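Position one of the sequence shown corresponds to residue 106 (the numbering used here), numbered consecutively onward. Positions of the beta carbon are idealized from the N, C-alpha and C atoms, including for glycine. Fair warning: this is a prediction, and the values are worked out from it, not measured in the lab. Following: one structure in C-alpha cells, then a few remarks.
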Amino acid sequence: MHHIASDTTSFEDLAAAFRYAANRVSELGQRFGFSVRGYDDATLPHFSALSLLERQKVVHALQGYLHSLEAGIRADKNLDQPHVSTWWAFSSLSLVPVADLFRHFQKDSVIEVFNLEGRQIWRNFHFFRYSSYTLEEMHCLEWPVLYDRGDAVTAQVHEYLERLIGGGPELVLPTLPEYVLLEKCSRDRMMIKVRHYLLSALKDRDGNLQAWIVCTKARDLAHGAKDLPPMNYEPRAGLRGRLSLVPPPEEI
Numbered sequence: 106m107h108h109i110a111s112d113t114t115s116f117e118d119l120a121a122a123f124r125y126a127a128n129r130v131s132e133l134g135q136r137f138g139f140s141v142r143g144y145d146d147a148t149l150p151h152f153s154a155l156s157l158l159e160r161q162k163v164v165h166a167l168q169g170y171l172h173s174l175e176a177g178i179r180a181d182k183n184l185d186q187p188h189v190s191t192w193w194a195f196s197s198l199s200l201v202p203v204a205d206l207f208r209h210f211q212k213d214s215v216i217e218v219f220n221l222e223g224r225q226i227w228r229n230f231h232f233f234r235y236s237s238y239t240l241e242e243m244h245c246l247e248w249p250v251l252y253d254r255g256d257a258v259t260a261q262v263h264e265y266l267e268r269l270i271g272g273g274p275e276l277v278l279p280t281l282p283e284y285v286l287l288e289k290c291s292r293d294r295m296m297i298k299v300r301h302y303l304l305s306a307l308k309d310r311d312g313n314l315q316a317w318i319v320c321t322k323a324r325d326l327a328h329g330a331k332d333l334p335p336m337n338y339e340p341r342a343g344l345r346g347r348l349s350l351v352p353p354p355e356e357i
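Structure below.
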C-alpha cells in the first residue's frame, strides 16, 4: 500500500495509503518511546470530508513525513535528537535552513514545520508528548479548529509571521510571552503551557520561501482539560489564507 502515488484519484487508494503511512509513523514513534496515534476510526471521517485535492495533499505530506523518519533511522537511528531529526526532515522535504539554525535546538524542544498554507507538515517526536491529537486530525483539520489561544498572543504571532513571509529577518528569537494552549476537540483536551523561542524561514534550493520552522518549550498543565471550564476566547476574524493557520506549540 505504501507504493500508492499521492496523485491517484481513487478514494480507496488514498485512504489505504494514509492508513499505511499513519500506522508506520505510529510504529516508529513507539520505537523511540513516544505514543503516536494515527487515527481513531479506520473509516477516516476527517480525511473523508476533504476534497480530492486536499486528500492528495494530506497523503503527500504524511508520506513525506514518514520518508524523513525512515531515512533518518536507516542512516543515524537517533531521531530523538532534534538536530538529527530536523536534518533528515530538511533533506527529505528539500528545504534549506538558515546557516546557524541548528545551534538553537535544545534536546527537549518541540519542533514543527509549517507550509505557507499554515499546515503542519512535520513535527519531531517530542511534539507528541504535548498532543493527544491523531495524525488524521492534525493533517485534516485547520489550526483554529484544533486549538484555543488568546487573541493577544495570536495577533503577536501573526505579526512575526507576516514580517517573516514579507521578507524580514530569516531567523527570529521572538519576545512572545508564555501562554496557555488548549486542545479544543482532541480525545484528552490537553492544556499546555508553551513558549515559542525561535521562528525561522525555510527555503528551497533556489532561495524561494517554502515553509517556516517553530521551536517551542512546552509543559503539560492539565491532562484532561475537558473537565475545566472553557477559556474566554473568541476566534479572531480575518488573516485568512496562508497566515490563518498558525502553529500550535509555537515559538518561545
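Determine the direct distance from the alpha carbon of Phe116 to that of Thr231, and round the result to whole angstroms. In the sequence as displayed, the identity of residue 231 is His instead of Thr. One Cα belongs to His231, the other to Phe116, and the distance between them is close to 32 Å.
Through-space distance from Asp213 to Leu133, alpha-carbon basis: Distance between the alpha carbons of Leu133 and Asp213 is about 19 Å.
Delimiting residues of the alpha helix (DSSP H) encompassing Val250: Element bounds for Val250: Trp248 to Leu251.
Helix, strand or coil: which one does DSSP assign to Ser156? Of the three classes helix, strand and coil, the one that applies to Ser156 here is coil, per DSSP.
Buried or exposed for Asn229, please, with buried defined as at least 16 other CB atoms from any protein chain shown within 10 angstroms of its CB. Asn229 comes out buried.
Is it right to say Ala122 is buried, meaning 16 or more other beta carbons lie within 10 angstroms of its own, or is it exposed? Looking at its Cβ environment, which holds 16 or more other Cβ atoms inside 10 Å, Ala122 is buried.
Three Cβ pairs or more, each shorter than 8 Å: is that satisfied between the segment 251-271 and the segment 194-214? Taking 8 Å as the limit for Cβ pairs, the verdict is that the segment 194-214 does not touch the segment 251-271.
Using 10 angstroms around the beta-carbon of Cys290, count the other beta-carbons present and answer buried if the total reaches 16, otherwise exposed. By the 10 Å Cβ count, Cys290 comes out exposed.
According to DSSP, residues forming a beta bridge with Gln225: Residue pairing by DSSP places Gln225 opposite Phe219 in a beta bridge.
Rounded to the nearest angstrom, how far is the Cβ of Trp192 from that of Ala176, given a contact under 8 Å? About 10 Å; that fails the 8 Å criterion.
Exposure label - Arg142; buried when at least 16 CB within 10 Å: With at least 16 other beta carbons inside 10 angstroms of its own, Arg142 counts as buried.
Three-way DSSP call (helix, strand, coil) for Val285 in this model: Val285: strand per DSSP, three-state reduction.
In three-state DSSP terms, what is Ala120? Under the three-state reduction of DSSP, Ala120 is assigned to helix.
Could you give the first and the last residue of the continuous beta strand (DSSP E) run that contains Ser305? From DSSP, the beta strand (DSSP E) with Ser305 extends over Met296 to Lys308.
Between Phe210 and Pro187, which are expected to be in contact by the criterion C-beta below 8 Å, what is the C-beta distance as a whole number of angstroms? Confirmed, Cβ separation roughly 4 Å.
With DSSP collapsed to three states, give me the class of Arg136. Residue state, collapsed to three classes: helix.
Residues sharing a beta bridge with Ala176, DSSP: Ala176 is not bridged to any residue.
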